[in-house]
Each structure stands twice: as structure tokens, then as C-alpha cells.
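Just so you know, we're using this note's numbering here: the sequence shown kicks off at 200 and counts up by one. Every residue, glycine too, gets a C-beta built ideally from N, C-alpha and C. If you're wondering where the values come from, they're calculated on a predicted model, not measured in any experiment. The structure appears below as C-alpha cells.
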Amino acid sequence: MTYFTTITHRITALASVSVARSFRLAGLTGILLLGGCGESVVTTSSETPDPVVVDIPVAYVARVLPVDEDGEPIGSDLREPSQFVPGAALYIKPRAAVSAQARNITDQAFVTDPESDVPPMYDVKDIDVSFDGTRLIFAMRAPEIESADDDEQPTWNIWEYDRTTDTLRRIIESDIVAEAGQDTAPTYLPDGRIVFSSTRQRTNQAILLDEGKPQYAGLEESRRTHASVLHVMDANGTDITQISFNQSHDIDPQVQPDGTILFSRWDQAGGDKGMHLYRVNPDGSGLAIVYGRHSHNVNGETKQFVQSRLTPDGQILVAVRPYQRDTLGGNFALLDTENFIDNTTPVASSDSLSGPAQTPALFDNIDTSLPISPGGIVASVYPLWDGSGRQLFSWSQCRVLGPETEDDSARQILPCTEERLADDNVEAAPALYGLWMYDPQTQTQQVIVTPEEGVAMTEFVSMESRPFPDDFTGPENYDDELAQQQRGTLHVRSVYDFGGEDASPFGLSATANPAQTTPQQRPVRFIRIEKGVSQPDDDVLELDNDAFGPNRRLGMREIIGYAEVEPDGSVMVDVPANIPLSFSFTDEAGKRVTGRHDNWLQVAAGEVKTCHGCHTADSTAPHGRPDAEYASINAGAASTGSGFPGANPALFADMGETMAQTRRRVLGAHQASADMVFEDVWTNPQTDTPAVSFTVTYADLQTELPVTQGCAQNWTALCRSVINFPDHIQPLFEAERDITDELGNVTEVRTCVSCHGPMNSDSEAQVPAAQLDLTANPSPDNPNHTVSYRELLFADNAQEVVEGILRDVQEIVVDESGNIVYERDEDGELILDADGNPIPVTAPVPVAATARAGSAQASTALFQVLENGAHAGWLSAAERKLLAEWLDMGAQYYNNPFDAVQE
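Okay, structure coming up:
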């Protein structure tokens, strides 16, 4: 990056501002009435002090407008929270008035030569204010170290300025600890601690070590940069604790009045779904979406929700902008999250409303989807807490360049008009940011810091006091014994609840009644708990994309274990705390039967997390936010002291309990297990015969187990099933299998590859059975994969043996009318063979993939043969389960990056 030195000096010059300077856009200053299409009309040119705000200090970030070597603006990317744009400084004014002198409060951290007139090139962002208004907290990064490697450069640190003592300090005193991660977006908790976003991933790294992996900070799921997630620390920078466990970024935390933390989460599990607003408690419990899953389309452009602020009237003020912009600003909106979970989706208790939940925070004519926004662009907005509804904001008015001049002199800069913006050749002028105060009652704005060419004011806050949020007192449902074991509990009231609708096969009351519905008739039998695998960067491990599955967006996954789903669709299972979790609901064969859950969950140690049920990917019904959902279809037991209808009376319920809650209370907790274990405890033995119990266990595998020996004998919270195709799936095809006659006598010992291979037992070429080659030879399509992997999961060509050679089948190509297509030269003339005949065009015959990555249930060509076809009984239940769970998770080549073959 190159930054113009002449512009950098303007940053320093801002510190000496003491009188109002003219706003040269139209040659006028003062209080402006908002006009149409970006025009401004002056009502007064004098500055009248506002007695309400005159004594309130304000702080702002001023920075050089960043440009590259060609003078083109360098934008910002939300997906890069640690992006470094040097040339910024933090200023404070004693009052919100243009005449108040601004003072640079951050240069002192880096100035080594007081006599030098060259300002240090550092960066500042993410400023926030303590609830009593006395302190600023922000992220700051020191200047680059010339000639140093990337891993030796300074990192983003958290800093604090106390205006009562005029002191500036880095929160983490130790250089070693401070430089251990990229720390950004700090804010104060009501108890004095600090919550911030960081790439430290402290708990995650400790768990990696427990899993037998090296410690490292994982990349976000697109593998471009390290994931930055939420941490808390004491006011002195000690006791740093990770509280969110997304596999991508969790940024921009803000504390809500009830003490919960609002933040922006980048949801990338299974694919990029955007940045939505979430909330979490300061201990990591209570994670839930707040807003935005289906609200990203704004004026035909995909926008994200970031940089949130709370307003005095309970709304959320939020930046609404694309991932990447060439300008530093965008637009802001006010969100009514009390009544809405999406722009046109109200919460269940307000379902008569239709929206929109998103309204402009400032001017109606700001439209960043247009090449030039008529209302200009906004870099930040901050609400005043004096009850006036006024807002501080950083704004660049809409400006365009005038016509080119004959003498090549500088083009005139003009304010936008409808006529100018209608010109197809119009060009936007460089942004010109100033700091303003907007009064929605009078529709006026007053300048606080005069705009100056080449300088942007990108953040703006008022150092006034505001109400303290409530202190967090602990999760609503907490189990101290679980906390000691570093576990939590996941409770689903009914897997048949889809957004408040009953999706059970016979209606929930009949499906839940063991006297009316047998276990075999229930479509959902187990829950499978899965964990996301953190991906190392190239400094730790150079990992090729071939290590992943056909859909790299599914990443790598490990299995925590299985638990039984009860007749009413409820399940209650203990899971490890503080890891990224997902789950699937399966049939008795281990195949997922509901949609993929593509959002990472987490439970804090001791937390009992309850959700109503499921939802489909395209459903807009409120889901994932407990206070927004419709009532569960599973109301639980109708009374206390008796059994469930048609069920074993020994399992007596308390009113409102699900079957899972009752089973846990009477028979003990379910622990996630590598095995699928079914025991019919619900059928009333006095009236019906209980179903046969069964266990599908890895112990029945003849090939290498996907678990360690220790975990095979004793499954703990640190145990994982890790399925790698070369280690655990390929050996299934090479295992020797006994072929028996009707009397059970072994007549032949065969392997899958003896038929599904290119050579027969006499070493002669053969067409692999069903055109499916299951050998472990390197694939000609991708030598990093085996032939079997490619033929199972990718389309291929049909083959035939011709003169002892195996080759692709070629068929004659015909056009839409059924006429043969012949080869032609570049002039369109027919190409003839030696006999003078035209040569038909031929093409290989495609063969569809046998299996589908991401869904065992959709892999019908494979499982029909194994379950009901010619190979029924060849693979054991444990082997079919292994195939099913591997396919469901994404059919990855490896699910442990450190098992992948290195080049």
C-alpha cells in the first residue's frame, strides 16, 4: 500500500482546529436542512451552542483516505477484521461543537522523536465508551516494522483512554501476551470486564492439544484468515477466556440492557450464509440468533449486518453493507428486533405485524446499491442518550466531478442533483467526510468537525453516561455437576417440530404413544452430534483442497457420538462444552433423515440448552431464538405422577416434561456414544412386547476403527470418531468376505475389488462391475485421490474391453432431430476417412456418481445394493453405519488435516 505523505500531515493538522472552517462544497457552513438528492439548503451560517451537548466530550477516528499506488481508493472487507490501514489517529473534543479544539490522544503511544513532523503510521478502530462516560476503549495497531516478516509484525491490541486522568494504556501489559492474537472490537461488560473479538482462540487451542493435535489458531471456513471470535478478560488484561466457538468470525460485540452480548456472526457452516446478529451470555451460554438470516437482500444487493449499537429506545442501530466496498462508508439502519427476527418475519408473539423491521437510520435517499448514492455515504452513527433522538454521524455528502477542462486543470467538484446523477457519464468525486449531529425532529444536521479533503472521519462517539446493563447472574438452566465435567446438555423438545408445525408421521400424540406406534415405524431414531474441525494455516500445515470432500464448504468434521431419540421426538444428551457443534437426526441405519443443520451451536460448561425442534433451509418461520419462536408442538406430560399415554408406567412424568426429560430423571443421563444403542424402555411390558434392543458398534468392524483404542473401551468428552477415506472406507472394499451356500458353508472368499476392479483373477482386463471401480489405485483424474473415491462421488465414463484393453465407450453423437453429427474442418467442410466416408462425431457415455457427498439417504444407488440388492448382507450394520455417517458429513477424503498426505 502507498499513502500520500502530503495527506498524512493533514491528520496532524486536525489537532490544531480551534475555529470553524468553511465547508467548501457549496461555500457554506452551519445547520443544514436535508434536501432532495443530496442537495443542501442553508438556514443559518452561524454556530449556536447547544446547551444540552455543549459540555459532552466527543471522540472520533480521523484517517488518511487510503489509496493504492495508482491513487485508487482502498476499501474495507468485513471478512478481514484484522485489516491494517495505517494513517489513523484518535481525537477527542471537550464538547460537540465545531469551535472546540480537537486533541490527538494516540500519537503519544508511538512517537519516539518529539521533534519529528512526520506522524507515526498506525491504525485505530472500534472505539466504544464506558457506561459512565469517562473512558474510551478501542483497538489500535502499531506501525509496520520495516523488513520484518508478517509473523513478526505488530498485532491489533486493546487500548483504553481515561479522560478523568488523561492517561492512555494498553489493557494487556505483557508484550508477549498482547501480541498473541489480533484483538479488535472491545466493549465493556457491566462488571468492568471487557469483551472483544480475537484470533487467540484460547479454549479451542487447549482442546486441540487434548485431542492430540498441535495448538494453533484455526482459519475461518473459507480459509483466508484466522477466525476471530469472542473472548472476555479482566480490566487489567488478565484471565482471558474464549466464550464463542464459531468456525468463522464473531465480531462487533455490544452489551444489551439485559446483560447479554449482541454481536455479528459470519455463518459459513455448509456455505456462506452471511453475517447475522446473534446474542450470547458473558460465560458463553445462551447462544441464539437475533436477526437477519433471511434479510440480506437490500435493494437487490446482498448486505451484511455489522457495527451494531444499542439505541435509548431499544432498537439496534446497525451498518448494512456488503462484505467489500471501495469506500469506507455505507448505510445504517434501525432494526426492531423486539418484534422481528427478519425484515418481514415477526416474532411469534407479534405475528400480526408485517414489517419492515429495517428502517433508515438517517436519510431516505442514501442508497449504496447505486453507483453514486444520492444521499451520500455514512461511515458511523452513534445515538445520543439525552432523550432527544439525535445522532452523531460521520458523513460524506454526495459529490460529482464537473466536466473535464480544455486546459487539463483540476475538475470542479459539484453537489449532486437529479440532473447530474441522471447523466450516464457522471463520475463520483472523492469522499469528503465530516462529523455531524442529526436531529430527526427538525430534520437538520449540524457540523461538529468540518470536512477536509483527503481525510476521513470513520468513527464518532459521545462520551456521555448511559444506563448500566444488568449484571449477568448465570445461565437460566445450570447443572454444577456437568460444569465440573466440562459438559453441557442439549435438549430438543421434538425433532418433529418444524417451526411450530407437527411433522410427525401420525401426529405427535399417536407417534409418541408406544401402544400405537412401534419404534420401527418412527422415522427418527438417533441424534448424531458432530464437531467442526479447525483448519490450520500454511505455517502449521500446507493443506491441499483435495484433502476435503467434493463440497469443500462442508469442511472437516468429527463425530462426538449418538444418543437415542424418544417416541415424542425429544432427546436429551450430554455433550462436551465449548466446542462448535452440529447435529443430524438419523434412522436406525445411521442415515440422516432431516435437513443438514448448518449453523454451529455451543453449550457452556453446566448449561442445559433447550430448543423446540427443527427447520428447513428455506423456512422463514422464527427459529433458533427462544423468545421469537412459536410454542413447541410438544407440551410435555399433562400431569405429574403418572406415565405417558400408552407407555411404561414405571417412567412417571412431571408435568411439562418431555419423554427425554423423564427418562433422564428416572434412568439417568444419556452420554453421547460412538455406538448407536437402542433399548425399548417405553413399551408397557404389561400390555405389549418391547422391541428388540440392538447396538451398532465400531467393535464389529474388521477394518481399522475410526476411534482410538482408549476411546473404544471408554468413551469420554474428549473422544471423537475421525473418518478418513483412505484409512477407514477404502479398507471396506478390500476386506475379505465369506460367500456361503444355503447351508451356511463357505463356498468362496471374495472382496469388493475382485469384481469392482479393472482386472480379473487371471490379470485380464475386465469392466468393473456396475461400471464402478473400487480399487485404491491413484485416480487419473486426480492422483491425490484413489480411483474408488472418484468413481463413488464423481461422474465418470462408461468403459468396455476392446481387444484386451479397457477403454471408454464411445457413442455416435446425434443432433436434436436425431441426425448423425459428422466431423468438419474449420471451413465447415466434412472430413472424410480413407474410404471417402464422413466421420461421425463420437463422445464418451457418462455414468452418474454412485454416492452423494452430504447425504447417505440420497445415495440410493449404493445403499439399495447393500441393503436389498445383490450385495445385501455383505456389509455388516457397523460397516453400513460407517459408510452412512461418512457420506452424511460430506464424504471428506480426510477429516483430520494432520492425517492428510503431505507433498
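Spatial neighbours of residue i within its chain, please: CB distance less than 6 Å, with the 5 preceding and 5 following residues excluded, ordered by chain position.
i: residue 870; result: 773
i: residue 1113; result: Residue 1113 falls outside the range modelled here, since the chain spans only 200 to 1102, and no answer is possible.
i: residue 601; result: 610, 611, 613
i: residue 811; result: 692, 696, 828, 831
i: residue 820; result: 698
i: residue 712; result: 844, 845
Which residues share a DSSP beta bridge with residue i?
i: residue 430; result: 395, 441
i: residue 474; result: 465
i: residue 579; result: 593
i: residue 648; result: 634
i: residue 600; result: 612
i: residue 519; result: 504, 530
i: residue 449; result: 464
i: residue 920; result: 758
i: residue 539; result: 545
i: residue 928; result: In the DSSP output, where bridge partners are listed per residue, residue 928 has none listed.
Contact check, residue i vs residue j under 8 Å by CB: the rounded distance?
i: residue 659; j: residue 592; result: 7 Å
i: residue 486; j: residue 801; result: 6 Å
i: residue 782; j: residue 727; result: 6 Å
i: residue 788; j: residue 1079; result: 6 Å
i: residue 595; j: residue 632; result: 5 Å
i: residue 895; j: residue 792; result: About 16 Å separates the two Cβ atoms, so there is no contact after all.
i: residue 507; j: residue 476; result: 6 Å
i: residue 908; j: residue 934; result: With 8 Å as the limit, residue 908 and residue 934 do not qualify as a contact, their Cβ atoms being about 20 Å apart.
i: residue 492; j: residue 541; result: 6 Å
i: residue 1081; j: residue 927; result: 7 Å
i: residue 756; j: residue 470; result: That pair is no contact at about 14 Å.
i: residue 1103; j: residue 873; result: A question about residue 1103 goes unanswered here, because the residues of the chain that appear run from 200 up to 1102.
i: residue 539; j: residue 517; result: Going by Cβ atoms, the distance from residue 539 to residue 517 rounds to 13 Å, so no, they are not a contact pair.
Within its chain, find whatever has a CB closer than 8 Å to the CB of residue i; leave out the 5 residues flanking it on each side and keep chain order.
i: residue 399; result: 379, 380, 382, 416, 430, 439, 441
i: residue 985; result: 924, 925, 929, 974, 975, 976, 977, 978
i: residue 738; result: 350
i: residue 238; result: Confidence in residue 238 is poor, its pLDDT being 43 and thus under 50, which makes the residue's placement too unreliable to answer from.
i: residue 568; result: 497, 498, 499, 500
For residue i, report the span of its alpha helix (DSSP H) as first-last.
i: residue 358; result: Per DSSP, residue 358 belongs to no alpha helix (DSSP H); it is in the beta strand (DSSP E), 355-361.
i: residue 752; result: Here residue 752 belongs to no alpha helix (DSSP H), and DSSP marks it neither H nor E.
i: residue 861; result: 858-866
i: residue 1060; result: 1059-1066
i: residue 909; result: 908-912
i: residue 679; result: 679-683
i: residue 376; result: 374-377
i: residue 289; result: No alpha helix (DSSP H) contains residue 289, which is instead part of the beta strand (DSSP E) from 287-292.
i: residue 620; result: 617-620
Can you tell me where the beta strand (DSSP E) holding residue i begins and where it ends?
i: residue 406; result: No beta strand (DSSP E) holds residue 406; the alpha helix (DSSP H) holding it covers 401-409.
i: residue 731; result: 725-731
i: residue 260; result: 257-263
i: residue 773; result: 770-775
i: residue 662; result: Neither: residue 662 is in no beta strand (DSSP E) and is coded neither H nor E.
i: residue 1080; result: Here residue 1080 belongs to no beta strand (DSSP E); instead the alpha helix (DSSP H) covers 1076-1088.
i: residue 689; result: 686-691
i: residue 876; result: 875-877
i: residue 335; result: 334-340
i: residue 368; result: 366-369
i: residue 710; result: Element bounds for residue 710: not the beta strand (DSSP E) but the alpha helix (DSSP H), 707-710.
i: residue 780; result: 780-785
To which residues of the same chain is residue i closer than 7 Å at the C-beta, ignoring the five residues directly before and after it?
i: residue 1064; result: 1070
i: residue 665; result: 330, 584
i: residue 1076; result: 895
i: residue 306; result: 288, 318, 319
i: residue 422; result: 734
i: residue 352; result: 343, 344
i: residue 1010; result: 1041, 1042, 1044
i: residue 204; result: With a pLDDT of only 32 at residue 204, under the threshold of 50, the placement of this residue in the model should not be trusted; the figure read from the coordinates follows. So the list is empty, once near-sequence residues are dropped.
i: residue 1097; result: 412, 740
Problem - beta strand (DSSP E) segments (min. 3 residues) lying fully within the stretch 959-1012 - result: 998-1001, 1004-1007, 1009-1011
Handout entry: Runs of beta strand (DSSP E) wholly within the stretch 931-961 (minimum 3 residues, chain order)
Key = 936-939, 945-949
Exercise for the section: Counting only runs of 3+ residues fully inside the stretch 795-866, write out the beta strand (DSSP E) ranges in chain order. Expected result: Those beta strand (DSSP E) runs which fall completely within the stretch 795-866 and span 3+ residues are 807-810.
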